[in-house]
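Taking my numbering, the leading residue of the sequence shown gets 18, the next gets one more, and so forth.
We put the beta carbon where it would ideally sit given N, CA and C, even for glycine.
Written out below as structure tokens is the structure these notes cover.
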Amino acid sequence: MEPYKVKVVERLPLLDRPGREAALERAGYNLFNLTSDEVTIDLLTDSGTSAMSDRQWGGLMVGDESYAGSRNFAHFERVVRDLTGFSHVIPAHQGRAAEHLLLSQLVHPGQIVPNNMHFDTTRAHVVHAGGRPMDLAIREAYDPTSLHPFKGNVDVARLETLLAAEGARRVPLVMVTITNNTGGGQPVSVANLREVAAVSHRHGVPVYLDMCRWAENAYFVREREAEFADRSIREIGRTVFDLVDGATMSAKKDGLVNIGGFVVTRDVELANRIKEQLILFEGFPTYGGLARRDLEAMAIGLEEATDLDYLRHRIGQVRYLASLLSAAGVPLVEPTGGHGVYLDAHRFLPHVPPEQFPGQSIVVELYREGGVRTVEIGEVFRGEKANDDPTAPELSLVRMAIPRRVYSSSHLAHVARTVIAVWNRRATVRGLLMLEAPERLRHFTARFGPAPPAEAVTAPVAKLATGRP
Ligand SMILES: *Cc1c(COP(=O)(O)O)cnc(C)c1O
């Protein structure tokens, strides 16, 4: 059961089927174009969509909005130092701002940045700094049916080969994303992080974590690595942080806030350079682009996210949804990750070819069926860009991200009924044609229309549909 009770409620929009049909048409079958009052259950993202606790809302009321030296910053800094052990704590308005601050200082043109898998904003900031992102996740990360317990792990042999060939001059840092969002919220083991740190440090290369979901990662470590079975989330966190040199954080995930983030490091000289940048782009180092009350809410949320009862329920909710779907035979990415359930679109709609966007077709049907908003991570999302790892297969997924502390089990049961209803009529689900394909970030703005029945599809139409030359 939920380890919290309700104090404030927000009405859910409940549209009838004709209302949803009309909304789909107006949105060009792209759910980014829906307004929130057209969505009943919103599983678009778990980022910044958490419900704050009564303690966090109380924290907003004790905001000390001093430009410099706010007591909320002092509290925030103390909490982050205590949780992570890093001496330098630099606030930022969200994760990508933290990435910008760190990567623009460390990465120079032509350099390579390895990661298990870069999240899109991380990749974009490596590229923005002139660097080349390189994904080095283990093979199992690309196999939706592999039951490997730590599918977020880095392939240490390939990392070693890269570092031996390129050295610290060409590789300014190694990043590891915990949990691996792009790969389905899969955890990274402490054993793997130990190896990554040892190899990187032997080559004189620092290791930074993308620690957005560090508490969820620690929960998996506690469950799956015998050495940590009796340890607290905080103890596991410290074990992890002690191995590395710093981290970037989007507190919109395991900070349980709607906005906020930070960079941490042990390197005083780097911290000073980042603070200079911070003043230029974000704000003074004791607020970093945030209201001081937001720092207070973040300080409280970061600690609440380490509560084992909270995490057991959080990860339990994700598993509950997955178990309802698995029981009905719906093809999922397994094992279930920390922040959402991912449908495997190619196995869900084998009759819809990749150029007719099977993932997006499922996304549209889930909304039509039950007012549930999800997101495609497949042919639409990737667009023309290939994997950073050209030898990896191209997955086509539908992500159902679960916001933290927002939905109840009965909401998730509604989601499961919706998915299962679409699964049961999957043979009748048709693909989509991309009618408007913008050059960049097309998943946000592309417009689609229903594809004609299979026999009517001619070669030129299929070509138009992919948006590729
Ligand atoms: C969300 C996220 C980011 C970026 O954070 P924002 O707060 O959205 O800017 C970076 N890395 C990972 C793994 C994320 O999930």
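* Ordered list of beta strand (DSSP E) runs contained in the segment 131–161, each at least 3 residues -> 149–152
* **Boundaries of the alpha helix (DSSP H) in which V327 is found, first to last residue** => Correcting the residue identity first, residue 327 is Tyr in this sequence and not Val. Run containing Y327: 325–344, per the alpha helix (DSSP H) assignment.
* Tell whether a beta-carbon distance below 8 Å holds between V257 and L210. => yes
* If you drop the 5 nearest sequence neighbours on each side, which residues of the same chain put their C-beta closer than 6 Å to that of M417? -> L60, G357, V358, T391
* Asked: By Cβ distance below 7 Å, which residues in the same chain neighbour S206 in space, the five residues on each side in sequence not counted?
  -> F167, N170, V238, E242
* Since F93 is in the alpha helix (DSSP H), which residue starts that stretch and which ends it? -> 88–101
* Cα-Cα separation between R14 and V224, rounded to whole angstroms -> It is not possible to answer for residue 14, since the shown part of the chain is limited to 18 through 486.
* Which of the three DSSP states, helix, strand or coil, is assigned to K22? -> coil
* E382 and V446 closer than 8 Å at C-beta -> yes
* Asked: Buried or exposed: which applies to T52, given that a residue is buried once 16 or more other Cβ atoms fall within 10 Å of its Cβ?
  -> exposed
* Inspect the beta-carbon positions of P108 and G354 and report whether they are closer than 8 Å. => no
* Asked: When DSSP builds the beta bridges, which residues end up paired with Y359?
  -> R416
* Report back the beta-carbon spacing between H105 and E299 to the nearest angstrom; my notes put them in contact at under 8 Å. => About 15 Å; that fails the 8 Å criterion.
* Other residues of its chain near G65: CB distance less than 7 Å, five sequence neighbours each side excluded -> K269, N275, I276
* To do: Under 7 Å Cβ to Cβ from P455, same chain only, skipping five residues before and after it: list those, please.
  => T462, A463
* Nearest-angstrom Cα distance between L31 and R385? -> 12 Å
* To do: Give the single residue among L260, Q122, D326, V415 whose Cα lies nearest to the Cα of N487.
  => A query on residue 487 cannot be resolved here, the shown segment of the chain reaching from 18 to 486 and no further.
* Distance between P161 and R494 (C-alpha atoms, nearest Å) -> For the chain, the structure presents residues 18 to 486; residue 494 sits outside this window and is missing.
* **Rounded straight-line distance, which links the Cα of V423 to that of V26** => 10 Å
* To do: Report the residue ranges of all alpha helix (DSSP H) runs contained in full by the segment 422–468; include only those spanning at least 4 residues, in chain order.
  => 426–441, 459–462
* Would you call H117 buried or exposed, if buried means 16 or more other Cβ atoms sit within 10 Å of its Cβ? -> buried
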